[in-house]
Amino acid sequence: MQAMVYRGPYKIRVEEKDIPRIEHPNDAIIKVALAAICGSDLHLYHGLMPDTRVGHTFGHEFIGVVHEVGPSVQNLQVGDRVMVPFNIYCGSCFYCARGLYSNCHNVNPNATAVGGIYGYSHTTGGYDGGQAEYVRVPFADVGPAKIPAWLTDEDAVLCTDALATGYFGAQLADIVEGDVVAVFGAGPVGLYAAASAWLMGAGRVIVIDHLDYRLEKARTFAHAETRNFAEFDDIVVEMKKTTGWLGADRVIDAVGAEADGNFRQVLTGTKLKLQGGSPVALNWAIDSVRKGGTVSVVGAYGPVPNMVKFGDALNKGLTIRGNQTPVKRQWPRLLSHIQNGYLKPSGIVTHRLPLEHIAEGYHMFSAKLDGCIKTLIEP
Ligand code: NAD
Ligand code: ZN
Numbered sequence: 001m002q003a004m005v006y007r008g009p010y011k012i013r014v015e016e017k018d019i020p021r022i023e024h025p026n027d028a029i030i031k032v033a034l035a036a037i038c039g040s041d042l043h044l045y046h047g048l049m050p051d052t053r054v055g056h057t058f059g060h061e062f063i064g065v066v067h068e069v070g071p072s073v074q075n076l077q078v079g080d081r082v083m084v085p086f087n088i089y090c091g092s093c094f095y096c097a098r099g100l101y102s103n104c105h106n107v108n109p110n111a112t113a114v115g116g117i118y119g120y121s122h123t124t125g126g127y128d129g130g131q132a133e134y135v136r137v138p139f140a141d142v143g144p145a146k147i148p149a150w151l152t153d154e155d156a157v158l159c160t161d162a163l164a165t166g167y168f169g170a171q172l173a174d175i176v177e178g179d180v181v182a183v184f185g186a187g188p189v190g191l192y193a194a195a196s197a198w199l200m201g202a203g204r205v206i207v208i209d210h211l212d213y214r215l216e217k218a219r220t221f222a223h224a225e226t227r228n229f230a231e232f233d234d235i236v237v238e239m240k241k242t243t244g245w246l247g248a249d250r251v252i253d254a255v256g257a258e259a260d261g262n263f264r265q266v267l268t269g270t271k272l273k274l275q276g277g278s279p280v281a282l283n284w285a286i287d288s289v290r291k292g293g294t295v296s297v298v299g300a301y302g303p304v305p306n307m308v309k310f311g312d313a314l315n316k317g318l319t320i321r322g323n324q325t326p327v328k329r330q331w332p333r334l335l336s337h338i339q340n341g342y343l344k345p346s347g348i349v350t351h352r353l354p355l356e357h358i359a360e361g362y363h364m365f366s367a368k369l370d371g372c373i374k375t376l377i378e379p
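Start counting the sequence shown at 1; every next residue gets the next number (the UniProt record's numbering).
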């Protein structure tokens with residue numbers, strides 16, 4: 001089969017690989033119908049995540065058709081059209097029992113924090129991902145769900161991460177009626193977080209980025225106010241000013257580690273070395289929120305972001321929350337919002353590329369070329 005293969009930072013190829021096989025009785029093999037490139041894939045592409053191995057296939061946003069099931073799989077049948085959450089989890093450990101699917105203890109017991117994720121380096125289990133013609137899905141009775149007939153492939157694939165994460169970012173912000181909500185980052189996650197904030201009662205939603213074409217989307221898609229941080233000497237001062245010098249009630253960091261920031265991991269020989277720097281958006285979030293407010297962090301930082309303003313966060317009495325999204329927990333609400341027309345996931349899709357052209361997709365998304373917001377991949 002054809003699969004996207006990582007060959008080192010900024011090097012993506014499409015190569016021939018064996019079709020994955022059932023390795024455990026509860027595995028399924030999915031024939032991928034549609035996949036996507038996530039902002040999180042860019043951290044891998046930029047070489048920012050530890051233990052990203054050459055030869056690995058990325059892709060944690062995908063949907064498809066069940067091609068084969070292991071002998072103990074009960075809920076899926078060959079031919080079913082399924083959506084697969086990006087988390088790989090057992091469904092029965094201490095964490096899964098509490099809905100913390102992204103922290104499953106069984107799939108990745110060596111990790112201190114995160115559970116399993118498709119195509120997301122060996123720090124999340126080393127599972128190959130879905131930017132390929134086929135993918136192996138462990139615990140097939142737990143994560144995947146049949147796609148309702150009324151849901152389009154595009155909307156379904158966006159539910160496997162980006163939409164669920166934007167919605168989760170707004171949930172973690174603890175929004176109450178009338179709140180001023182600021183969202184740093186106008187990528188897919190930030191746009192969905194802004195749209196979701198209204199559903200949770202926000203009184204005002206402000207999206208901050210430096211890419212005008214994305215801020216335009218924040219106005220039209222998410223009906224948000226926008227600020228281009230490059231147009232201000234100090235975006236934090238602007239955020240204070242526009243909120244009566246209080247700060248926003250809730251701030252969502254939908255940026256995470258930025259490749260062009262001064263925070264990157266360098267490969268020296270075979271050893272990975274972290275070069276420190278400051279997570280800009282996270283510190284802006286801490287500075288822009290009012291005292292006693294909430295900072296929700298769904299932007300991914302991977303290696304510990306040192307130099308976070310933790311002292312200021314403490315003195316301001318902030319609540320800081322974050323996690324990898326427990327995707328399946330969001331689906332009942334997301335599907336009902338999509339069906340009722342309150343959320344329109346495909347409204348941010350800008351490109352669809354065949355798998356053979358995925359390297360162009362990564363380059364375009366990374367460099368933010370050609371108005372790129374969300375790119376879908378067709379195997
Ligand atoms: P993206 O790269 O499309 O969007 C990031 C946006 O942030 C870009 O538009 C960029 O211009 C903007 N930006 C950069 N620096 C900024 C700053 N200092 N202030 C404001 N905006 C800034 O990526 P995406 O797909 O929207 O993903 C966003 C983040 O969410 C990534 O870090 C990704 O890894 C993370 N993520 C987390 C989860 C989770 O489960 N927690 C899931 C999916 C994605
Ligand atoms: Zn993702």
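The beta-carbon is built from N, C-alpha and C at its ideal position, and this holds for glycine as well.
If you check the CB distance, Thr294 and Thr319 come in under 8 Å.
Looking at the DSSP output, Ala182 shares a beta bridge with Ile206 and Val251.
CA-CA distance, Ala230 to Val236, rounds to 12 Å. Annotation: the continuous beta strand (DSSP E) that includes Pro354 extends over Val349 to Pro354. Shortest Cα-Cα distance from Lys344 to any of Val157, Leu355 and Met364 involves Val157.
The alpha-carbon separation between Phe139 and Val84 amounts to approximately 11 Å. DSSP lists Val32 and Val82 as the beta-bridge partner residues of Gly64. The beta-carbon separation of Asp128 and Val137, rounded to 11 Å, does not stay under the 8 Å limit for a contact. DSSP places Glu23 in the coil class of the three-state scheme, outside both helix and strand. Restricting attention to Asp27, Phe168, Met239 and Thr57, the CA atom closest to the CA of Val5 is found in Thr57. Looking only at Ala182, Leu100 and Gly119, the smallest Cα-Cα distance to Val297 is reached by Ala182. When the Cα atoms are used, Tyr10 and Leu48 turn out to be separated by approximately 11 Å. By a beta-carbon distance limit of 8 Å, Val65 contacts Arg81. Their separation comes to about 6 Å. Just measuring C-alpha positions, the residue of Gly322, Asn323, Ser72 and Gly292 sitting nearest Leu314 is Gly292.
Gly116 is bridged by DSSP to Ile88. Separation of Gly39 and Leu163 (C-alpha to C-alpha, rounded to the nearest whole angstrom) is 12 Å.
Its Cα nearest to that of Phe221, the residue Pro188 stands out among Arg227, Leu282, Pro188 and Gly115. The C-alpha of Asn26 lies about 16 Å from the C-alpha of Tyr118. For Ile348 against Ile373, the beta-carbon gap comes to about 5 Å, under 8 Å, which counts as contact. In this structure, Ala35 is the residue among His122, Ala35 and Pro20 with its C-alpha nearest to the C-alpha of Gly361. In this structure, the CA atom of Thr123 is about 37 Å from the CA atom of Glu225.
Within a 10 Å sphere around the beta-carbon of Gly8 sit fewer than 16 other beta-carbons, which makes this residue exposed. Within the same chain, Tyr167 come within 8 Å of Arg333 by CB-CB distance, once the 5 residues on both sides are set aside. For the 8 Å CB-CB criterion, Asn340 and Lys309 do not form a contact.
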